[in-house]
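Step one of this worksheet: look at the structure below.
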Amino acid sequence: MILAVFSPGVVQVWEGLLTLFFFPLCVLLAWVADRRLLFYKYMHKKYRTDKNRGIIIETEGEHPKGIEMDGKMMNSHFLDGNLVTMDGKEVDESRKEMIRILKDLKQKHPEKDLDQLVEMANYYALSHQQKSRAFYRIQATRMMTGAGNILKKHAAEQAKKSTSLHEVQADEHEEFISKVYFDPCSYQCLENCGAVLLTVVRKGGDMSKTLYVDYKTEDGSANAGADYEFTEGTVVLKSGETQKEFSVGIIDDDIFEEDEHFFVRLSNLRVVETEEPAELTIWHTKAILTSLVVATVTILDDDHAGIFTFE
Numbered sequence: 001m002i003l004a005v006f007s008p009g010v011v012q013v014w015e016g017l018l019t020l021f022f023f024p025l026c027v028l029l030a031w032v033a034d035r036r037l038l039f040y041k042y043m044h045k046k047y048r049t050d051k052n053r054g055i056i057i058e059t060e061g062e063h064p065k066g067i068e069m070d071g072k073m074m075n076s077h078f079l080d081g082n083l084v085t086m087d088g089k090e091v092d093e094s095r096k097e098m099i100r101i102l103k104d105l106k107q108k109h110p111e112k113d114l115d116q117l118v119e120m121a122n123y124y125a126l127s128h129q130q131k132s133r134a135f136y137r138i139q140a141t142r143m144m145t146g147a148g149n150i151l152k153k154h155a156a157e158q159a160k161k162s163t164s165l166h167e168v169q170a171d172e173h174e175e176f177i178s179k180v181y182f183d184p185c186s187y188q189c190l191e192n193c194g195a196v197l198l199t200v201v202r203k204g205g206d207m208s209k210t211l212y213v214d215y216k217t218e219d220g221s222a223n224a225g226a227d228y229e230f231t232e233g234t235v236v237l238k239s240g241e242t243q244k245e246f247s248v249g250i251i252d253d254d255i256f257e258e259d260e261h262f263f264v265r266l267s268n269l270r271v272v273e274t275e276e277p278a279e280l281t282i283w284h285t286k287a288i289l290t291s292l293v294v295a296t297v298t299i300l301d302d303d304h305a306g307i308f309t310f311e
């Protein structure tokens, strides 16, 4: 209207000042509407309950029965300082819905305690319920101030708590577990050495127990019977012993070959309380084989390929 009626094609000073005056006026009207002041307090609200989620949803409309002029519900009562607007049947449905959510979470996460399940149920209800205008205003304010999304922040905190709890539990459990492995897990020997010694190590856990672990050679580029002697047996780590050695024979020949290798694998770890043979087949959860259960043995050839000369 300013550009088309009062001064076509020209913006005058008073027109600019009038436009500027409308900015705070619009902000004031928005604040009055948000605070429900003046005539807004007489625009009554009515409530309906979402039966699927047990949520009270506020809507604006005509003057409903049972609502006073100040917007409060008539014949309602206060519980712990909060206005209760649902009848007994709706409260029961909400309680049943919460119990159902807790049961589902308990089946999915049996390791969590009641407080954690209740917190997860509250987060589930918050993320699935219909959001009010106030919720989105709070979210927008948090995003503008850099506080972030409240739902994503809650999920990140829960993930961090869960990770920390698992790390603490893992540290506590590892203190009571004996770990058995090769140390080192890579060996080199000359073809004429006769035999190579391999070392099995026990670390941590109850050192008073006796451990039995089987070992067996496996072919690589080197073959059993031609390059080394096939070997299998059982290593016994008695009470107080932290390591034990065993040997694998190496076969020497006069044939020039490239360096070859074979493997030795640990398996069938057992923990026994006594030396009785009947106890040897009992598995025990306080001893484990680590990832270093396969040792690699490299045989270095000591034969040369010969010398070619001209006569």
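So the sequence shown is numbered by the UniProt record's numbering: it starts at 1 and just counts up by one.
Just so you know, even glycine gets a beta-carbon here, dropped at the ideal spot from N, CA and C.
{"Query": "Report the three-state DSSP secondary structure of residue 320 (helix, strand or coil).", "Result": "What the structure shows of the chain is the stretch from 1 to 311, and residue 320 is not part of that stretch, so it cannot be assessed."}
{"Query": "In terms of residue numbering, what span does the beta strand (DSSP E) encompassing Asp214 cover?", "Result": "Thr210 to Asp219"}
{"Query": "Do you know offhand how far Gln243's Cα is from Pro110's?", "Result": "40 Å"}
{"Query": "By how many angstroms is the C-alpha of Tyr181 removed from the C-alpha of Glu229?", "Result": "22 Å"}
{"Query": "What would DSSP say about Cys26, mapped onto helix, strand or coil?", "Result": "helix"}
{"Query": "Is it the case that the Cβ atoms of Ile299 and Ala222 are separated by a distance below 7 Å?", "Result": "yes"}
{"Query": "Does the beta-carbon distance from Ser247 to Ala195 come in below 7 Å?", "Result": "yes"}
{"Query": "Starting from the C-beta of Leu292, find all residues in its chain whose C-beta is less than 8 Å away, skip the five residues before and the five after it, and write them out in chain order.", "Result": "Tyr181, Phe182, Asp183 and Cys185"}
{"Query": "Leaving out five residues on either side along the sequence, give the residues of the same chain with a beta carbon under 7 Å from the beta carbon of Leu17.", "Result": "none"}
{"Query": "Secondary structure at Glu62, three-state DSSP: helix, strand or coil?", "Result": "Because Glu62 sits at a pLDDT of 46, beneath the cut-off of 50, its placement in the model cannot be relied upon, and the point is left open."}
{"Query": "Taking 7 Å as the threshold (C-beta atoms), are Ser178 and Asp214 in contact?", "Result": "no"}
{"Query": "Closer than 8 Å by C-beta to Val201: which residues in its own chain qualify, once you throw out the five before and the five after it? Chain order, please.", "Result": "Val180, Tyr181, Phe182, Asp183, Thr242 and Gln243"}
{"Query": "Using 8 Å for Cβ pairs, my map puts Tyr187 next to Val297. What's the rounded Cβ distance?", "Result": "5 Å"}
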